[in-house]
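For the sequence shown, my numbering gives the first residue as 328, with consecutive numbering after it. Heads up, the thing below is written out as structure tokens.
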Amino acid sequence: MAIKLIIFDLEGVLFNSWHGITKFLDIDEVDFKSVDNSELRIDLQLGKISEDAFFEEFVRITRTKRSAEELKSFVRQVLTPIDKMLDLAKSLKSRYKLAILSNFTKEWADYLMKKHELDKLFDATFWSFEKGIKKPWH
Numbered sequence: 328m329a330i331k332l333i334i335f336d337l338e339g340v341l342f343n344s345w346h347g348i349t350k351f352l353d354i355d356e357v358d359f360k361s362v363d364n365s366e367l368r369i370d371l372q373l374g375k376i377s378e379d380a381f382f383e384e385f386v387r388i389t390r391t392k393r394s395a396e397e398l399k400s401f402v403r404q405v406l407t408p409i410d411k412m413l414d415l416a417k418s419l420k421s422r423y424k425l426a427i428l429s430n431f432t433k434e435w436a437d438y439l440m441k442k443h444e445l446d447k448l449f450d451a452t453f454w455s456f457e458k459g460i461k462k463p464w465h
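Given below as structure tokens:
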């Protein structure tokens with residue numbers, strides 16, 4: 328049976344995780360994880376709330392001195408390409424169909440798709456925020 332499609336996750340595979348935002352924050356790891364592993368984050372990934380609403384609540388819960396606008400900017404700074412993985416995807420493009428399947432945030436996906444012209448590399452995308460369902464984490 329021939330391989331026809333290769334599916335990549337986005338965060339942590341093709342791009343570094345939003346967890347890098349912690350270097351900009353004045354909160355401890357426990358506070359960060361309490362939000363990262365919360366229903367709030369799931370609602371963001373499922374498209375039930377916007378990035379703005381998420382970060383406003385993030386600021387309230389963690390009591391960070393950073394504003395929601397600053398946090399949005401920081402996320403875009405840390406969602407950087409994992410060059411070896413993008414190079415791998417580019418090398419596979421001529422022989423296979425490529426797709427992204429990711430539990431991700433609409434605004435972050437839109438930003439990365441546009442900035443890195445991912446629509447030229449990937450034939451299909453399957454986002455949790457569009458489908459209203461997440462792929463299993465563990």
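Ideal placement from N, C-alpha and C gives every residue a C-beta, glycine not left out.
Straight-line Cα distance separating S429 from E378:
16 Å
Helix, strand or coil: how does DSSP classify E434 here?
helix
For I369, which of helix, strand or coil comes out of DSSP?
helix
Measuring only the C-alpha atoms, how far is V362 from I348?
13 Å
Grab the span of the alpha helix (DSSP H) containing A329 for me, first residue to last.
That residue, A329, is in no alpha helix (DSSP H); it is neither H nor E in DSSP.
Backbone CA spacing between I369 and S344 [nearest angstrom]
15 Å
Residues near F351 in its chain [Cβ-Cβ closer than 6 Å; skip 5 each side]:
F401
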